[in-house]
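These notes are about the structure you will find just below.
Chains as they are written, first to last, in my numbering: chain C, 54 to 377; chain Z, 54 to 377; chain H, 54 to 377.
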C-alpha cells in the first residue's frame with residue numbers, strides 16, 4: 054500500500070533545528086543553517102560511498118526539474134542526488150512545453166505540483182523567480198540558478214569542498230576571480246563565505262566588478278597578482294560570454310594576462326592554495342591546463358560535492374515539509 | 054530471478070469485466086467500460102495518497118512514450134503514472150530519432166516494442182495513428198492525442214473530476230466552450246459524457262463549430278450567455294493558435310467578449326458551477342485570472358486526476374494483456 | 054546503508070576469464086572474449102524473459118549516456134539494458150550542454166564521472182574518442198559508435214542473432230551489403246565475424262567499398278547477384294545519406310536495382326538465408342517490404358538482442374572493475 058522498499062531504521066538523525074521548506078538563496082540563511090546543510094551533506098557523502106551508492110531516505114517521493122535555461126550539469130546533478138536517495142525524477146524544460154503555448158510560469162509550476170511532486174528545482178534567467186514560486190506552491194522549491202542572482206547549491210558545494218580540505222572556513226582568505234557581474238556563483242559564495250567567517254576578496258576587471266561591493270565592505274581588487282600571495286583559496290569564475298552584451302575587456306588574451314591562473318602565478322601562491330572553478334572551465338582563459346589538472350585543483354571534488362549538498366538539501370526540505 | 058521488490062498481496066481487485074488491451078478513443082468504449090476506468094482511477098488515487106506515493110502494481114514493466122508532437126505535460130503525466138505503479142519509462146520523440154533517417158512510423162514502433170516494452174503511449178498529428186499501431190503491435194497502445202481526433206485520458210480525467218464533485222455525471226449539463234474544431238479534448242468529452250448520460254452543449258464561434266454536431270443531435274450554441282445559466286459544468290477549451298491556418302475570429306478581444314469566462318459571467322452562472330480547462334490556459338483569452346484562481350475552478354484537480362486515470366489505464370491494459 | 058533491494062544469491066556466474074573494463078571495439082577482442090559476451094548475453098536474455106523482466110544484478114550503479122550524435126534507438130537500448138539490471142541512468146547530450154559553453158570533451162566526461170557514475174556510454178562523430186576517454190577515466194567506457202569506425206554492441210547483437218539461428222558462426226558465409234564506407238556496423242561485423250570463423254563478403258558499389266578490404270584478404274563483390282546464392286546471412290546496411298558529402302551512385306533507383314533485397318532475389322537465395330539489417334531501414338532502398346516483413350527477416354530479433362548484449366557488456370565491465 055505504501056512504497057516498495059520498506060523504510061530502513063534511521064542511520065542519520067534529522068537535525069531538529071532545521072525548519073526551512075525552500076532553498077532560495079544563501080543571503081537569507083544564517084551561519085547555523087549553512088553549517089547544518091554542510092554537516093548533512095558530509096554525512097550523506099560518507100553514507101553513500103562518495104555519492105556512488107544509494108541510500109533509501111526519499112523513496113516514493115518525486116523531484117521535478119523545471120529549467121528555463123540550458124543546463125545539463127546542474128540538472129543531472131540534482132537528478133542524481135534525488136535518485137541516490139531513492140526518489141523519482143521528472144524533467145520539464147521550456148522547449149516543447151506549455152510555456153510555448155502561452156502558459157504563465159506560475160501556472161506551469163502549479164500544474165507540475167498538481168501532478169504530486171515533492172520538490173520543484175528551478176532555473177530561470179530572471180532573478181527572484183524561485184522566491185515567487187515559493188510563495189505560490191505548497192511543495193518545496195530549490196533555486197538552481199536565477200539569472201545572475203544566486204545559485205545556493207553551488208555556493209554550498211564550494212564551501213563543502215573548502216571545509217573538507219581545511220576543516221573550517223573561518224579566517225580563510227578566499228578570492229572570487231573574474232566575471233563577478235554575471236555570476237550567480239560569485240553571489241552565493243560571497244554571502245555564504247562571509248557568514249561562515251571567511252575573508253572574501255572580489256577580484257576582476259572594473260567592467261565586471263560593481264563598485265557597490267566595496268561600499269558593502271568587501272575587499273575589491275583589480276589585479277590578481279596584488280592579492281594572490283595572501284589567498285588560501287581561489288575560485289576562478291568562467292567568463293560568461295553568452296550573458297554579455299558588450300565586450301567587457303579588450304580580448305581574451307588580455308583577460309588571461311591579468312587574471313588567468315597559470316604555472317607562473319602558482320609559484321607566487323601559498324603552498325597549500327586551493328584552486329576551484331565552478332565549471333565548465335575554459336582552458337586557457339581563466340585557467341591553464343597545468344593548473345586545472347595540477348595537485349592544487351579540486352575542481353572534480355566540487356562536482357562530487359554537488360551531489361552531496363543536493364542530497365542534503367532535498368532531504369532537509371522534505372523533512373521540514375513533513376514536520377511543519 | 055524476477056523483479057527486485059517482491060509482489061505485494063492484492064490490495065485492489067482486477068475488474069473481471071475488463072478485456073481491452075488498447076485505449077484508443079472514448080467513442081468505442083461503452084458506458085460500463087468508462088465507469089470501470091473511472092472507478093479504478095478513484096481507487097488508485099486513494100491508495101496512492103492523491104497520486105503522491107507509490108504502489109508497486111506494475112514493477113518490472115516498461116512504458117514507452119512515443120510522441121511525434123510536442124508535449125511536456127501529457128508525456129510527464131503518463132511517465133509519472135507509470136513510475137507511481139513501479140514501472141520503468143523510456144522516452145522516444147521525433148526530433149533526433151530514426152524517423153528523421155527515413156524510418157516509417159510503424160517500423161519505429163515495432164522497434165521500440167522489440168526492446169521489450171509493455172505499453173506504447175503515442176501522440177501524433179494524424180488521426181488514427183494509434184489505431185494503426187494497435188493492429189501492428191502485440192503490446193498495449195494508448196492514445197495520448199491523435200491530431201484533433203481524440204485524447205481519451207483527457208476525457209476520462211475531466212469526467213473523473215466531475216464525478217468527484219457531483220457523484221454522478223448522469224443528467225448534468227456540460228458545455229464545451231471554444232475551439233471545438235481543433236480540439237481532441239472536445240471530442241473525447243463529447244463521446245464520454247454522452248455515454249454516461251450528460252446533456253452536452255457545444256458552444257463556440259461558427260467558424261470553430263462544425264454544423265455536423267447539430268446533425269448528430271447535439272445542442273449547439275454560438276453565444277455563451279445564451280446557455281450559461283443552465284450549465285452545471287463549463288469546460289473552457291484553449292484557442293489552439295498553433296493549429297489554425299486562417300484566423301477564425303476577428304481578434305482575441307472579440308473572442309474573449311463572447312466566450313471568456315470572467316467575474317461578470319460567474320454571477321450569471323449556477324451557484325455550484327464547475328469551471329474546467331484542459332490547460333495550458335491562456336489567461337485573459339478563454340478565462341480570466343479571477344475565475345481560473347477562484348473557488349469554482351477545478352483546473353489543478355484535473356491535472357492530479359490525469360495521473361489517476363493514466364495509472365488506471367496502464368494497469369487495466371496490462372491486466373487484459375496477461376489474461377487474454 | 055547500501056542499496057535498497059538487497060542482493061540476491063548469484064543466479065549467473067561471473068566468467069573468471071573476463072578482465073576488460075572497457076568495450077571500445079571488436080577489433081581488439083579475441084574470439085574467446087567475444088564468445089564470453091555472447092554466452093553471457095544469451096544467459097541474461099533467458100533470465101529476463103527475452104529482456105522483458107528485471108534482474109537486480111546492478112542495483113545502485115549508474116550508467117551515463119554521453120551522446121554527441123543524434124540517437125534514440127541505441128541510447129534507449131543502453132538505458133533499458135541498464136534499467137533491466139536495476140541500474141539508474143542519466144542522459145547527457147551535446148545540445149544544451151557545457152560543450153556549447155567551450156568545455157572540452159574530456160572535461161565533460163570527467164565531470165560526469167565525478168558525479169559518481171559507473172559507466173560512460175558514448176557516441177561521437179570522431180573515431181577514437183571512446184579510446185581517448187578510456188585512458189582518461191577510471192569508470193568503464195562503452196563505445197556506442199565512433200564515426201564510421203566501430204559500434205561493438207551492434208556487431209555483437211548481429212552475431213548473437215546469427216548464433217541463435219545457426220548455433221555457431223564458424224564456417225557461415227555472411228555478406229555485408231551496401232554502404233561499407235560510412236558504416237561502423239560493417240567494421241564491427243567484419244572484425245567480429247572473422248574472429249569467430251565466418252567467411253565475410255563485403256559487397257557494395259566501388260564508390261562505397263574501399264579497395265583496402267581486398268588487400269586485407271576479404272572477398273569483395275560489386276554485384277549482389279554474384280554472391281547471393283552462396284550466402285547464409287545478408288546484413289543489409291542502410292545508405293547513410295546524412296554522412297555522404299557527394300552522391301556515391303547515380304540514383305536510389307539504380308542502387309536498389311543492384312543491391313536491394315527483394316522477392317525476386319529471395320528466390321535465388323538459400324532456403325534458410327537470414328536477412329538482417331541494423332535499422333532504421335529505408336523500405337524500398339536496401340530492402341523491400343516483402344523481405345523486411347517476410348519469414349527470413351530477423352530484424353526485430355536483432356533489436357531485442359541489442360538489449361541482451363548491452364546488459365552483458367554492462368555487467369561484465371562492472372565485474373572487471375570490481376576485481377581489477
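All C-beta atoms in this analysis are idealised placements derived from N, C-alpha and C, irrespective of residue type, glycine included.
Length of the line joining the Cα atoms of residue 171/C and residue 176/Z = In the first chain, residue 171/C corresponds to position 118, counting from 1. In the second chain, residue 176/Z corresponds to position 123, counting from 1. Put simply, the backbone Cα of residue 171/C is about 28 Å away from that of residue 176/Z.
task = Could you confirm whether any beta carbon from chain H is found closer than 9 Å to the beta carbon of residue 194/Z?
result = Looking up residue 194/Z in the second chain gives position 141. For residue 194/Z, the nearest beta carbon of chain H is not closer than 9 Å to its own beta carbon.
inquiry  = With a threshold of 9 Å between beta carbons, is residue 129/Z in contact with chain C?
reply    = In the second chain, the residue the question calls residue 129/Z occupies position 76. Cβ-Cβ to chain C under 9 Å: yes for residue 129/Z.
query = Interface residues of chain Z around residue 168/C at Cβ under 8 Å?
reply = Taking the first residue of the first chain as 1, we reach residue 168/C at position 115. Ordered by position in chain Z, the residues that pass the 8 Å Cβ test against residue 168/C are 104, 129, 130, 133, 356, 357, 359 and 360.
inquiry  = So, for residue 233/C: in the same chain, excluding its five sequence neighbours on each side, which residues have a beta-carbon less than 6 Å away from its beta-carbon?
reply    = On the first chain, residue 233/C is found 180 positions in, with the first residue counted as 1. Excluding positions up to five away in sequence, the list reads 239, 255, 257, 261 and 262.
query = When Cβ atoms are compared, which residues of the region 318 to 335 of chain C fall closer than 9 Å to chain H?
reply = Flagged, chain order: 332, 333, 334 and 335.
inquiry  = Check whether chain A comes within 9 Å of residue 122/Z, counting only Cβ atoms and requiring the distance to be less than that.
reply    = Of the protein chains in this structure, namely C, Z and H, none is chain A.
request  = Find the nearest neighbour of residue 162/Z within the set 272/H, 126/H and 140/H, judged by alpha-carbon distance.
outcome  = Stepping through the second chain from its first residue, residue 162/Z is reached at position 109. Nearest in C-alpha terms to residue 162/Z, of all of 272/H, 126/H and 140/H, is 126/H.
key: For residue 74/Z and residue 373/Z, believed in contact at Cβ under 8 Å, the rounded distance   = Taking the second chain and counting its residues from 1, one reaches residue 373/Z at position 320. Taking the second chain and counting its residues from 1, one reaches residue 74/Z at position 21. Taking 8 Å as the upper bound for CB-CB distance, residue 373/Z and residue 74/Z are in contact here, some 5 Å apart.
query = Going by other Cβ atoms of all chains shown within 10 Å of its Cβ, with 16 needed for buried, is residue 198/C buried or exposed?
reply = Residue 198/C sits at position 145 when you count from the first residue of the first chain. Flag for residue 198/C reads buried.
ask   = Taking any Cβ of chain H, which residues in the region 79 to 110 of chain C have a Cβ under 9 Å from it, in chain order?
value = Within the region 79 to 110 of chain C, 100, 101, 102, 103, 104, 105, 106, 107, 108 and 109 place their CB atoms closer than 9 Å to a CB of chain H, listed in sequence order.
key: N-terminal and C-terminal residue of the alpha helix (DSSP H) that residue 309/C is part of   = Counting from 1 along the first chain, the entry for residue 309/C is found at position 256. Counting along the chain, the alpha helix (DSSP H) containing residue 309/C begins and ends at 305 to 312.
ask   = Near residue 139/C, which residues of its chain fall below 6 Å by C-beta distance, leaving aside the five closest residues on each side in sequence?
value = Here residue 139/C refers to the residue found at position 86 of the first chain. Cβ neighbours of residue 139/C beyond the five flanking positions: 109, 111 and 112.
task = Using the Cα positions of residue 277/H and residue 129/H, report the straight-line distance between them to the nearest angstrom.
result = Working through the third chain from its first residue, we reach residue 277/H at position 224. Working through the third chain from its first residue, we reach residue 129/H at position 76. Those two C-alpha atoms are separated by around 33 Å.
task = Could you tell me how far apart the beta carbons of residue 291/C and residue 335/C are, in whole angstroms, since I believe they sit closer than 8 Å?
result = To locate residue 291/C, count along the first chain from 1; it is residue 238. To locate residue 335/C, count along the first chain from 1; it is residue 282. At roughly 6 Å, the Cβ-Cβ gap stays under 8 Å, so residue 291/C and residue 335/C are in contact.
inquiry  = Please list, in chain order, the chain C residues whose beta carbon lies closer than 9 Å to that of residue 143/H.
reply    = Here the question's residue 143/H lines up with position 90 in the third chain. The contacting residues are 129, 132, 133 and 136.
task = Indicate whether residue 303/Z and residue 207/Z have their beta-carbon atoms separated by less than 9 Å.
result = Reading the second chain from its first residue, position 250 is the one you call residue 303/Z. Reading the second chain from its first residue, position 154 is the one you call residue 207/Z. Going by C-beta atoms, residue 303/Z is not nearer than 9 Å to residue 207/Z.
inquiry  = Using the Cβ count rule (16 or more neighbours within 10 Å means buried), how would you classify residue 98/Z?
reply    = Counting from one through the second chain, the residue named residue 98/Z turns up at place 45. Buried, by the Cβ-count rule.
key: Minimum Cβ-Cβ distance from residue 338/Z to chain C less than 9 Å   = Locating residue 338/Z in the second chain gives position 285, counting from the first residue. Chain C contact via Cβ: present.
key: residue 228/Z, buried or exposed, once every other Cβ within 10 Å from all chains shown has been counted against 16   = The residue given as residue 228/Z occupies position 175 in the second chain. Burial call: buried.
request  = Give me whichever residues DSSP pairs with residue 145/H in a beta bridge.
outcome  = Numbered from its first residue, the third chain carries residue 145/H at position 92. Its beta-bridge partners are 119/H.
inquiry  = Quick check on this structure: which residue in 188/H, 160/H and 231/H has the alpha carbon closest to the alpha carbon of residue 301/H?
reply    = In the third chain, the residue the question calls residue 301/H occupies position 248. Closest option to residue 301/H, Cα to Cα, is 231/H.
request  = Could you spell out the range, first to last residue, of the alpha helix (DSSP H) harbouring residue 212/C?
outcome  = As a first step, residue 212/C must be located in the first chain, where it is residue number 159. For residue 212/C, the enclosing alpha helix (DSSP H) covers residues 205 to 219.
message = With a threshold of 9 Å between beta carbons, is residue 353/Z in contact with chain C?
response = Here the question's residue 353/Z lines up with position 300 in the second chain. Closer than 9 Å: yes.
inquiry  = Can you tell me where the alpha helix (DSSP H) holding residue 345/Z begins and where it ends?
reply    = To locate residue 345/Z, count along the second chain from 1; it is residue 292. From DSSP, the alpha helix (DSSP H) with residue 345/Z extends over 342 to 345.
query = Mind checking if residue 160/H is an interface residue toward chain C, Cβ cutoff 9 Å exclusive?
reply = For the purposes of this step, residue 160/H is taken as the residue at position 107 of the third chain. Look at residue 160/H: its C-beta is under 9 Å from a C-beta on chain C.
Any chain Z beta carbon closer than 9 Å to residue 112/C = Translated into positions along the first chain, residue 112/C becomes position 59. Yes, its Cβ sits closer than 9 Å to a Cβ of chain Z.
ask   = Counting only beta-carbon atoms, is residue 156/Z nearer than 9 Å to chain H?
value = Working through the second chain from its first residue, we reach residue 156/Z at position 103. Yes - at least one Cβ of chain H is within 9 Å of the one on residue 156/Z.
request  = Quick one: using the 10 Å Cβ neighbour count with 16 as the cut-off for buried, is residue 333/Z buried or exposed?
outcome  = The sequence position of residue 333/Z within the second chain is 280, counting from 1. Residue 333/Z is buried by the Cβ-count criterion.
ask   = When the Cα atoms are used, what is the spatial distance from residue 149/Z to residue 145/H?
value = Stepping through the second chain from its first residue, residue 149/Z is reached at position 96. Stepping through the third chain from its first residue, residue 145/H is reached at position 92. Reliability of the predicted coordinates at residue 149/Z is poor, the pLDDT of 49 falling under 50, and the value obtained from them is presented with this limitation in mind. Between the alpha carbons of residue 149/Z and residue 145/H lies a distance of about 14 Å.
ask   = Along chain Z, which residues have their Cβ under 7 Å away from the Cβ of residue 175/C?
value = The residue you call residue 175/C lines up with position 122 of the first chain. What residue 175/C touches in chain Z, judged by beta-carbon distance under 7 Å, is nothing: the nearest beta carbon there is about 14 Å away.
task = Report yes or no: is there a C-beta of chain H within less than 9 Å of the C-beta of residue 226/Z?
result = Here the question's residue 226/Z lines up with position 173 in the second chain. Between residue 226/Z and chain H, the shortest Cβ-Cβ separation is not below 9 Å.
Rounded Cβ spacing between residue 284/H and residue 341/H (contact assumed at less than 8 Å) = Walking along the third chain from the start, residue 284/H turns up at place 231. Walking along the third chain from the start, residue 341/H turns up at place 288. With a contact defined as Cβ atoms closer than 8 Å, residue 284/H and residue 341/H miss out at about 17 Å.
query = Of the choices 219/Z, 121/Z and 136/Z, whose alpha-carbon is the least far from that of residue 325/Z?
reply = Mapped onto the second chain, residue 325/Z falls at position 272. Per the Cα distances, 219/Z.
task = Counting only the same chain and skipping the five closest in sequence on each side, list residues whose C-beta sits under 6 Å from that of residue 174/C.
result = Counting from 1 along the first chain, the entry for residue 174/C is found at position 121. Excluding positions up to five away in sequence, the list reads 118, 131, 195 and 197.
message = Taking the beta strand (DSSP E) that residue 168/Z belongs to, which residues open and close that run?
response = Indexing the second chain from 1 puts residue 168/Z at position 115. Note, residue 168/Z: premise wrong, no beta strand (DSSP E); not H, not E.
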